[in-house]
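Chains as they are written, first to last, in full-length UniProt numbering: chain Y, 1 to 222; chain L, 1 to 382. All C-beta atoms in this analysis are idealised placements derived from N, C-alpha and C, irrespective of residue type, glycine included. In what follows, a structure is listed as structure tokens, so that the remarks can point back to it.
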Amino acid sequence: RLRAWLPRIMPVRWSRYNPSYLEPEVKKESYQKPLEELTDEEREQMELKAVRPIKAAPPILSSSVFSDPMISKFTNMMMKSGNKVLARSLMSQTLEAIKRKQLEKYHKAPENEKETIECNPYVIFHQALKNCQPIIGLSNITKGGKTYQVPVPLTDNRKRFLAMKWLITECRENKHRRTMMPEKLSQELLLAFNNEGPVIKKKHVLHKMAEANRAYAHFRWW
Amino acid sequence: QLNHGCALHTAARDGLSSVSSRDVPAERPRVVFHTSESDPAKHTEQHEGRLYNIPLEEVKAVFPHGLPSRFQQQIQTFNEARVMVRRPALELLAYLKGSNAAHPAVRYVIYGERGTGKTMTLCHVVHYCSRQGWLVLHVPDAHLWVKNCKELLQSSYNKDRLDQPLQASVWLKNFKTSNERFLQEIKTQKKYTWGKRESTEEGRPLGEVVEQGLARVRSASDAVGVVLREIKQQSRRGSFRLLVAVDGVNALWGRTTLRKENKSPVSPEELTLVHNLRKMVRNDWSGGAIVTTLSQTGSLFKPSSAYTPHELLGKEGFDALDPFVPIPVANYSPREFESCYGYYLERKWLQHEKAHTEDGKAELQFLSGSNPRQLDRLAGPL
């Protein structure tokens, strides 16, 4: 329960904040609404915010119009030993490299093909990730002493994670040692956007394995 | 009144011609700040904030070296070279137009904070001078001569000095591309001996000295010294006008990161290239101008917050360059920012949907602080 004499920071499972602390509000639109338009609940919320302390905003939360949660997730996965500055600069260089390649192709293409060429790096990134996501996965289930690879449905989060993980490991391991990450990543993303490349092949291999192990599907109990 | 009318007419013509030639969709009535005036001699205050086009063949001829690397990437992506006309450049061009060839060379030092456009101002002036037919001596970055040198040879001409064959040969190659016709016209006035069997007679065209420097890389630095000396002596006569454009002139009077064989540090005056360039930057010759830029980005042993001439040149450099005309370069004004933003939109460089909105533009202006380099870096991934 909440008491004034309790310390400001208290461990409650993962959160070390006192339960009285409220979440920060980052969206600009919520502060630009005039007083009259607010409903009663919102007015109550505003009065509560005047008296209660607010938690510190985590680094993932951004009020910028250009922030994208998927890009931030990808940057965090690329990060090594907490070097977010480097990971973010690599991500921005990758997006710039994709844009440059596509713009050069766009300017050289004849008039009728210009609409088909996609130049927006964000659209390419999202589409490439979507193309890389597997539909069904395999999980190890031990029955009668033997472990079987059982086909299993995946949650959205798991699909996104697998797509991003495959892209990053493909770039880190199977390329020439001296190529820079933005170069490798932009090449992989463009191939995945066109449904080509080693990551799409890996997804197809996983699908084939799941299809081959169809017989064990009844081992799944969830 | 006539001029006023003409100015309005050209402004309207510029605005209309840009709007009619490009398909600006009806829902974006943004006036794109282009100008069709591609001769820097005709740029005036009404062209301020506008971007003018340099044809790509001219870019290759006038700027074999000297453009910033990010600008070169931009030229390749957009397939055109657009340079913004800004106030410091217009000021410099006005001074150059009014300068007298008989008087000693005036020194101009372009200074400013990081990423405000000093190198681009220098390139604008170089373009103007090459259009006017001047001989342009463009040193793209003097810092490259005082650091990261793989080969240091002891000079055969003077035992105390050190040669840099690679840097000198690269510079000679680019000098040849940009000033072809002058190399045939200017004749040497003295006999130069390069070794036991090679020598250049008196009265031979300067092109031969450059060929000699490129063929025998060991004597490239001496060839550079000869070229500089000949050009300096002959500009006095008035047959051509000389522009000495040095980017990062504070490298000539600082410290170097180079070391001799016995691990003792090398000071700049022990390098032949730096020694000869210092002689060029002195104002004891007439018939031209010296335009230099200070640069903290490539400088050695200087704090990153230093941008004024006194801090970057040090006492020695300031006394050597004194008296000079200082030309400060600042961040974009609101009008210039609009112009740059509009250009990026028109060239489809800003692809993010939110970048086209007013919110996105306000955020870009805030995050970059109207600094040209920051805006370019921010607009890259967007």
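What three-state label does DSSP hand residue i in the structure shown?
i: L/G317; result: helix
i: Y/D40; result: helix
i: Y/V51; result: helix
i: L/N100; result: coil
i: L/A306; result: coil
i: L/G213; result: helix
i: Y/V150; result: strand
i: L/V109; result: strand
i: L/H34; result: strand
i: L/L187; result: A quick correction: the sequence has Lys, not Leu, at residue 187 of chain L. Of the three classes helix, strand and coil, the one that applies to L/K187 here is strand, per DSSP.
i: L/L273; result: helix
i: L/Q154; result: strand
i: L/L258; result: coil
i: Y/Y21; result: coil
i: L/A163; result: The residue asked about is misnamed: residue 163 of chain L is Asp in this sequence, not Ala. L/D163: strand per DSSP, three-state reduction.
i: L/G207; result: helix
i: L/P29; result: For L/P29, the pLDDT reaches just 41, beneath the cut-off of 50, and the residue's location in the model is therefore unreliable, although a value from the coordinates is still provided. Note: L/P29 maps to coil in three-state DSSP.
i: L/S21; result: Its pLDDT being 37, under 50, L/S21 is placed unreliably in this model, and the coordinates cannot settle the point.
i: L/P265; result: strand
i: L/C149; result: coil
i: L/W253; result: helix
i: L/T177; result: helix
i: L/L67; result: coil
i: L/L300; result: coil
i: residue 387 of chain L; result: Because chain L here runs from 1 to 382, residue 387 of chain L falls outside it and cannot be looked at.
i: L/S370; result: coil
i: Y/W5; result: coil
i: L/Q351; result: coil
i: L/H143; result: helix
i: Y/V26; result: coil
i: L/K60; result: helix
i: L/D39; result: coil
i: L/K279; result: helix
i: L/A7; result: In this prediction, L/A7 scores a pLDDT of 37, lower than 50, which makes its location untrustworthy; no coordinate-derived value is stated.
Which residue's Cα is closest to the Cα of residue i: the options?
i: L/F240; options: L/D247, L/V136, L/E311; result: L/V136
i: L/P205; options: L/G287, L/K348, L/Q234; result: L/Q234
i: L/E353; options: Y/R88, Y/K101, Y/P121; result: Y/P121
i: L/F33; options: L/A61, L/E48, L/H43; result: L/E48
i: Y/A57; options: Y/T116, Y/V26, Y/P198; result: Y/V26
i: L/H43; options: L/S286, L/H124, L/Y307; result: L/H124
i: Y/Q149; options: Y/D156, Y/G137, Y/R160; result: Y/G137
i: Y/M91; options: Y/S30, Y/D68, Y/P59; result: Y/D68
i: Y/Y31; options: Y/Y21, Y/E42, Y/L22; result: Y/E42
i: L/R347; options: Y/L103, Y/I60, Y/A4, Y/L61; result: Y/L103
i: L/C149; options: L/T256, L/G195, L/K159, L/S339; result: L/T256
i: L/P334; options: L/G369, L/L378, L/P265; result: L/G369
i: Y/M180; options: Y/S89, Y/R214, Y/Q45; result: Y/S89
i: Y/E211; options: Y/E183, Y/C171, Y/P151, Y/N195; result: Y/P151
i: L/I186; options: L/L242, L/W194, L/N174, L/H65; result: L/L242
i: Y/N140; options: Y/Q93, Y/A217, Y/N195; result: Y/A217
i: L/N174; options: L/G98, L/L364, L/T188, L/V224; result: L/V224
i: residue 384 of chain L; options: L/A105, L/E316, L/L382, L/W134; result: The structure shown has nothing for residue 384 of chain L, since chain L only spans 1 to 382.
i: L/V217; options: L/S155, L/N250, L/V249, L/F182; result: L/S155
i: Y/T142; options: Y/N76, Y/N131, Y/W221; result: Y/W221
i: L/N283; options: L/R82, L/T77, L/A101, L/S69; result: L/A101
i: L/C129; options: L/K279, L/P40, L/K118; result: L/P40
Determine which residues share a DSSP beta bridge with residue i and list them.
i: L/P328; result: L/Y111
i: L/G288; result: L/L242
i: L/H138; result: L/A245
i: L/L81; result: A small fix is needed here, since residue 81 of chain L is Ala in this sequence, not Leu. In the DSSP output, where bridge partners are listed per residue, L/A81 has L/I54.
i: L/T121; result: DSSP output for L/T121 lists no bridge partner at all.
i: L/T293; result: L/I110, L/D247
i: L/T200; result: L/Y192
Since residue i and residue j are thought to touch, with beta carbons under 8 angstroms apart, how far apart are those beta carbons, to the nearest angstrom?
i: L/S178; j: L/V62; result: 6 angstroms
i: Y/S63; j: Y/K28; result: 6 angstroms
i: L/A330; j: L/G112; result: 6 angstroms
i: L/I54; j: L/H103; result: Contact doesn't hold; Cβ gap of about 30 angstroms is too wide.
i: Y/A128; j: Y/F193; result: 4 angstroms
i: L/G115; j: L/P372; result: 6 angstroms
i: L/L277; j: L/Q164; result: 12 angstroms between Cβ atoms; not a contact.
i: L/V249; j: L/L300; result: About 14 angstroms; that fails the 8 angstroms criterion.
i: L/L375; j: L/C340; result: 6 angstroms
Consider the C-beta atom of residue i and the heavy atoms of the ligand FMN; say whether any pair is separated by less than 8 angstroms.
i: Y/M91; result: With respect to the ligand FMN, the structure shown offers nothing to examine, as it has no ligands at all.
* At 3 residues or longer, and completely inside the UniProt domain "Small ribosomal subunit protein uS7" (55-214) of chain Y: list those beta strand (DSSP E) runs for me, N to C. => List check, beta strand (DSSP E) in window: 136-143, 146-153.
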